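Participant: Chains as they are written, first to last, in the numbering used here: chain F, 13 to 329; chain B, -3 to 208. All C-beta atoms, glycine included, are put in the ideal place defined by N, C-alpha and C. Please read these numbers as outputs of a predicted model, since none were measured by experiment. Submitted below is the structure of interest, expressed as structure tokens.
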Amino acid sequence: MSETKGFISALTRRTVLNGIATAGAVAATARLAPGLALAQPSSLLTRAIPATGERIPVVGMGSWITLNVGASKKLRDARVKVLQSFFDHGGGMVDSSPMYGSSEEVIGYCLERIANDQKLFSATKVWTVAQAMGIRQMKTSEKLWGEERFDLLQIHNLLDWEAHMETLKEWKAQKRVRYIGMTTSHGRRHNDLEAVIKSQPLDFVQFTYNILDREAEKRLLPLAADKGLAVIINRPFRRGQLFDLFKRHPLPEWAGEFDCANWSQFFLKFIVSHPAVTCAIPATSRVDHMDENMGALTGRLPDARTRQRMIAHVESL
Amino acid sequence: MLPFTPEVFFAQFEDYNLAIWPAQIIAYALGLLALALAFRPTDSSGRIIGAILASLWLWNGVVYHWLTFATINFAAPLFAALFLVEALLLAWRLVIRGGVAFSFRNDGAGRAGAALMVLAIVIYPLFGALAGHGWPQAAMFGVAPGPTVIFTLGMLLLAEKRVPYGLIVIPLLWSLIGASAVWLLDAPEDVTLLLAGALALVLIARKNRHLS
Ligand SMILES: NC(=O)c1ccc[n+]([C@@H]2O[C@H](COP(=O)([O-])OP(=O)(O)OC[C@H]3O[C@@H](n4cnc5c(N)ncnc54)[C@H](OP(=O)(O)O)[C@@H]3O)[C@@H](O)[C@H]2O)c1
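Put into structure tokens, the structure is as follows:
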């Protein structure tokens, strides 16, 4: 993983690094910080992690259900192809959790068999009670992934967060983890997450936001932006429901104006065009779906007016 | 919402069946022995049947739920605990305390009990095969929870005395949990779990009322 901290201090972070970078923006950055630009494939959409300015691709991948394939060699080898496609498309963040059964072990299996995973941004979670159990769990995760240290460790669903926060702060100070964060999904825990964001020194937060579930727009997204936190969006397809609801309808012609070729890109570009979002982490078990999803990593993004039009459109279907 | 897909569930079952082979044969032999003892009871047959049932529940708790299913399902350790508790209850009530005899009688409870045991041993795996997951993906009697639960309920219906309610709580609970596989895992054979649970509950309650 490339370290960009050295360059960041030399830049006016807000103006150059915040916001989406595309080929043009990266080229502009290249003149100011050549190392930084070299770290990015030229045409990928990336966003800066506010804490450091390090850029990551705006589409990552999740692993709930889709990578939990147990010990089956046949299914594991099929997932190697999915992850391979993810990295071939320039993907970065892979998100998992000890809650996701064998997913972490399967990620480790895949990473061992993939050559071009240098851009991996490893993100997992701690999901247990008590500090000692959390430490044991995080060490197990390191082994399962085959990672010496994670890029990001998050507290899953705020479970016993006070206990784990102690460990995470300590590990970050010891450079045993690069970033720390907290996650929840939809609805009822948003208030709790808000309180934690206000009181704890987090780098990342993760919650649900998609074209139908937009509650986060009201408070969480503005708060995260205000606090300078990177935001990971889970359930970008509402666990796949968005396809069940809309895929029988043709994609509106004007989706081409922001380079969407399918519904997947329509849903993802809606999310990552929100200025406070750092990346979305759709999960898939299929290479063809991965290809579709990663298509959202390039091309233009909808502006604020177009985003309203997107909402109005899906709500009219 | 399950943390895995039906494809993964049955792929795991396939690996499990192949890994534990020939445990299935031993389980079937034990099941048939228990059935035979219920048709030709001896002085110690109640204890032997209790030991067989307890060992099958122990196997399901440890080898299936704890060592296998838990690798893809975070809820499986809880299931393992339930199966271990039932194994202990069966061992304590039927083997250690003893005094519960099982015998076939040609009445409603007797016929239903025998039918449930035949369902568990023969029909359930065949039903699964018809639904597209035959051997080696099949949930086999004795080493898979569903048919083991149905068999246990069937055997308890053959108890000569009142059936201790404590012994049927976990099997009934599993008949509900397991039946969710009909919808969640596309496993229509598990509808028999629900039917077995309902039938056993009604007949055991009736039988206990008559005997009290
Ligand atoms: N509290 C938390 O920390 C938390 C909570 C929820 C989620 N998460 C994280 O966020 C990730 C994403 O959320 P999610 O997995 O719940 O839901 P999601 O990404 O919204 O949806 C996943 C579903 O969408 C389908 N899909 C993906 N790409 C598709 C395409 N191009 N066309 C059609 N269908 C497609 C997948 O099926 P196929 O396999 O068939 O493609 C899968 O069933 C999780 O995997 C997890 O890592 C974290």
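Along the region 74 to 103 of chain F, where does the CB come closer than 8 Å to a CB of chain B? Name the residues.
Facilitator: Per Cβ criterion, the list reads 76, 77, 80, 81, 82, 83, 84, 86, 87.
Participant: Contact criterion: CB-CB distance below 8 Å. Does residue 4 of chain B meet it with respect to chain F?
Facilitator: Along the second sequence, one-based indexing puts residue 4 of chain B at 8. It does: the Cβ of residue 4 of chain B has a partner Cβ on chain F nearer than 8 Å.
Participant: Return the Cβ separation of residue 72 of chain F and residue 105 of chain F in integer angstroms, given the expectation that the two are a contact with Cβ distance under 8 Å.
Facilitator: Taking the first sequence and counting its residues from 1, one reaches residue 72 of chain F at position 60. Taking the first sequence and counting its residues from 1, one reaches residue 105 of chain F at position 93. Contact holds; Cβ gap of about 3 Å.
Participant: For residue 117 of chain F, is the classification buried or exposed, using 16 other Cβ atoms within 10 angstroms of its Cβ as the cut-off for buried?
Facilitator: Within the first sequence, numbered from 1, the residue matching residue 117 of chain F stands at position 105. Classification for residue 117 of chain F: buried.
Participant: Output the residue ranges of the beta strand (DSSP E) runs that lie fully inside the region 68 to 120 of chain F and measure 3 residues or longer, sorted by chain position.
Facilitator: If we require 3 residues or more, the beta strand (DSSP E) runs fully inside the region 68 to 120 of chain F come out as 105 to 107.
Participant: When every heavy atom of ligand 1 is checked, does at least one fall within less than 7 Å of the C-beta of residue 168 of chain F?
Facilitator: Taking the first residue of the first sequence as position 1, residue 168 of chain F is located at position 156. The answer is yes for residue 168 of chain F.
Participant: For residue 203 of chain F, which of helix, strand or coil comes out of DSSP?
Facilitator: In the first sequence, the residue the question calls residue 203 of chain F occupies position 191. Residue 203 of chain F falls in the helix class under three-state DSSP.
Participant: Report the residue from B:116, B:152, B:148 whose alpha carbon sits nearest the alpha carbon of residue 135 of chain B.
Facilitator: Mapped onto the second sequence, residue 135 of chain B falls at position 139. Of the listed residues, the one whose Cα sits closest to residue 135 of chain B is B:116.
Participant: Please state whether DSSP places residue 277 of chain F in a helix, a strand or coil.
Facilitator: Here residue 277 of chain F refers to the residue found at position 265 when the first sequence is read from its first residue. Reduced to three states, the DSSP call for residue 277 of chain F is helix.
Participant: May I ask whether a heavy atom of ligand 1 can be found less than 7 Å away from the beta carbon of residue 107 of chain F?
Facilitator: Along the first sequence, read from residue 1 onward, the residue named residue 107 of chain F stands at position 95. Checking every heavy atom of ligand 1 against the Cβ of residue 107 of chain F, one is found closer than 7 Å.
Participant: Tell me whether residue 61 of chain F sits in a helix, a strand or coil according to DSSP, three-state version.
Facilitator: The sequence position of residue 61 of chain F within the first sequence is 49, counting from 1. DSSP places residue 61 of chain F in coil when its eight states are reduced to three.
Participant: For residue -1 of chain B and chain F, any beta-carbon pair shorter than 8 Å?
Facilitator: As a first step, residue -1 of chain B must be located in the second sequence, where it is residue number 3. Chain F, which has a Cβ nearer than 8 Å to the Cβ of residue -1 of chain B, makes this yes.
Participant: From residue 157 of chain F to residue 323 of chain F, what distance separates their C-alpha atoms?
Facilitator: For the purposes of this step, residue 157 of chain F is identified with residue 145 of the first sequence, where counting begins at 1. For the purposes of this step, residue 323 of chain F is identified with residue 311 of the first sequence, where counting begins at 1. Whole-angstrom Cα-Cα distance: 38 Å.
Participant: Who are the Cβ neighbours of residue 328 of chain F in its own chain at under 8 Å, not counting the five residues just before and after it?
Facilitator: As a first step, residue 328 of chain F is located in the first sequence; it is residue number 316 there, counting from the start. Around residue 328 of chain F: no qualifying Cβ.
Participant: Kindly indicate if chain F contains any beta-carbon less than 8 Å away from that of residue 103 of chain B.
Facilitator: One-based indexing of the second sequence puts residue 103 of chain B at position 107. Cβ-Cβ to chain F under 8 Å: no for residue 103 of chain B.
Participant: Quick check: the Cα distance between residue 150 of chain B and residue 286 of chain F, rounded to an integer number of angstroms?
Facilitator: For the purposes of this step, residue 150 of chain B is taken as the residue at position 154 of the second sequence. For the purposes of this step, residue 286 of chain F is taken as the residue at position 274 of the first sequence. Taking the straight line from one Cα to the other gives about 59 Å.
Participant: For residue 162 of chain F versus residue 195 of chain F, is the C-beta spacing smaller than 8 Å?
Facilitator: Here residue 162 of chain F refers to the residue found at position 150 when the first sequence is read from its first residue. Here residue 195 of chain F refers to the residue found at position 183 when the first sequence is read from its first residue. No. Outside cutoff.
Participant: If you drop the 5 nearest sequence neighbours on each side, which residues of the same chain put their C-beta closer than 7 Å to that of residue 0 of chain B?
Facilitator: Locating residue 0 of chain B in the second sequence gives position 4, counting from the first residue. For residue 0 of chain B, where only same-chain residues beyond five positions count, the Cβ hits under 7 Å are 68, 69.
Participant: Can a CB atom of chain F be found closer than 8 Å to the CB of residue 8 of chain B?
Facilitator: Locating residue 8 of chain B in the second sequence gives position 12, counting from the first residue. Chain F, which has a Cβ nearer than 8 Å to the Cβ of residue 8 of chain B, makes this yes.
Participant: By the DSSP assignment, the beta strand (DSSP E) with residue 181 of chain B in it spans what residues?
Facilitator: Walking along the second sequence from the start, residue 181 of chain B turns up at place 185. Run containing residue 181 of chain B: none; DSSP gives neither H nor E here.
Participant: Which residue spans inside the region 81 to 129 of chain B form an unbroken alpha helix (DSSP H) run of at least 4?
Facilitator: As far as the region 81 to 129 of chain B is concerned, its whole alpha helix (DSSP H) runs of at least 4 residues are 104 to 114, 120 to 126.
Participant: Name the chain B residues whose beta carbon is nearer than 7 Å to that of residue 112 of chain F?
Facilitator: Looking up residue 112 of chain F in the first sequence gives position 100. Result: -1.
Participant: I'd like to confirm something about residue 247 of chain F: is its beta-carbon nearer than 7 Å to some heavy atom of ligand 1, or not?
Facilitator: Start at 1 with the first residue of the first sequence, and residue 247 of chain F comes out as number 235. Yes, Cβ of residue 247 of chain F sits closer than 7 Å to a heavy atom of ligand 1.
Participant: For residue 68 of chain B, return the contacting residues in chain F, with the cut-off set at a CB-CB distance below 7 Å.
Facilitator: The count along the second sequence starts at 1 and reaches residue 68 of chain B at position 72. Correct list: 80, 82, 113, 114.
Participant: Measuring alpha carbon to alpha carbon, tell me which residue in F:112, F:123, F:297 is nearest residue 87 of chain F.
Facilitator: One-based indexing of the first sequence puts residue 87 of chain F at position 75. Among F:112, F:123, F:297, the Cα nearest to that of residue 87 of chain F is on F:297.
Participant: Identify, in the order they occur along the chain, each residue of the same chain with its Cβ nearer than 6 Å to the Cβ of residue 255 of chain B, setting aside the five sequence neighbours on each side.
Facilitator: With chain B covering only -3 through 208, there is no way to say anything about residue 255 of chain B.
Participant: Identify, in the order they occur along the chain, each residue of the same chain with its Cβ nearer than 7 Å to the Cβ of residue 199 of chain B, setting aside the five sequence neighbours on each side.
Facilitator: Residue mapping note: residue 199 of chain B aligns to position 203 of the second sequence, counting from 1. These residues qualify, in order along the chain: 104, 105, 108, 153.
Participant: Give the C-beta separation of residue 313 of chain F and residue 289 of chain F to the nearest angstrom, bearing in mind that I take them to be a contact with Cβ-Cβ under 8 Å.
Facilitator: The residue given as residue 313 of chain F occupies position 301 in the first sequence. The residue given as residue 289 of chain F occupies position 277 in the first sequence. About 11 Å separates the two Cβ atoms, so there is no contact after all.
Participant: Check for me: the beta strand (DSSP E) holding residue 212 of chain F runs from which residue to which?
Facilitator: Numbered from 1 along the first sequence, position 200 holds the residue referred to as residue 212 of chain F. First-last for residue 212 of chain F: undefined, no H or E at that position.
Participant: Restricting to runs no shorter than 4 residues, where is the alpha helix (DSSP H) found entirely within the region 127 to 207 of chain B?
Facilitator: Here the runs fully enclosed are 141 to 153, 161 to 175, 177 to 180, 187 to 207.
Participant: Run the CB neighbour count on residue 320 of chain F, radius 10 Å, all protein chains shown included, and call it buried at 16 or more, exposed below.
Facilitator: Mapped onto the first sequence, residue 320 of chain F falls at position 308. Under this definition residue 320 of chain F is an exposed residue.
Participant: Alpha carbon to alpha carbon, how far is residue 197 of chain B from residue 114 of chain B?
Facilitator: Stepping through the second sequence from its first residue, residue 197 of chain B is reached at position 201. Stepping through the second sequence from its first residue, residue 114 of chain B is reached at position 118. Cα to Cα, residue 197 of chain B sits roughly 18 Å from residue 114 of chain B.
Participant: In the DSSP assignment, what residue or residues form a beta bridge with residue 30 of chain B?
Facilitator: Position 34 of the second sequence, counted from the start, is the residue given in the question as residue 30 of chain B. Note: residue 30 of chain B sits in no beta bridge, so no partner.
Participant: Hey, is residue 76 of chain F close to ligand 1, as in C-beta under 7 Å from one of its heavy atoms?
Facilitator: One-based indexing of the first sequence puts residue 76 of chain F at position 64. Flag set: Cβ of residue 76 of chain F near ligand 1.
Participant: Could you tell me which chain F residues have their CB closer than 7 Å to the CB of residue 182 of chain B, listed as they occur along the chain?
Facilitator: Here residue 182 of chain B is taken as the residue at index 186 of the second sequence, counted from 1. Simply none; closest approach about 15 Å.
Participant: State yes or no: is the C-beta of residue 137 of chain F nearer than 7 Å to some heavy atom of ligand 1?
Facilitator: Position 125 of the first sequence, counted from the start, is the residue given in the question as residue 137 of chain F. Yes, Cβ of residue 137 of chain F sits closer than 7 Å to a heavy atom of ligand 1.
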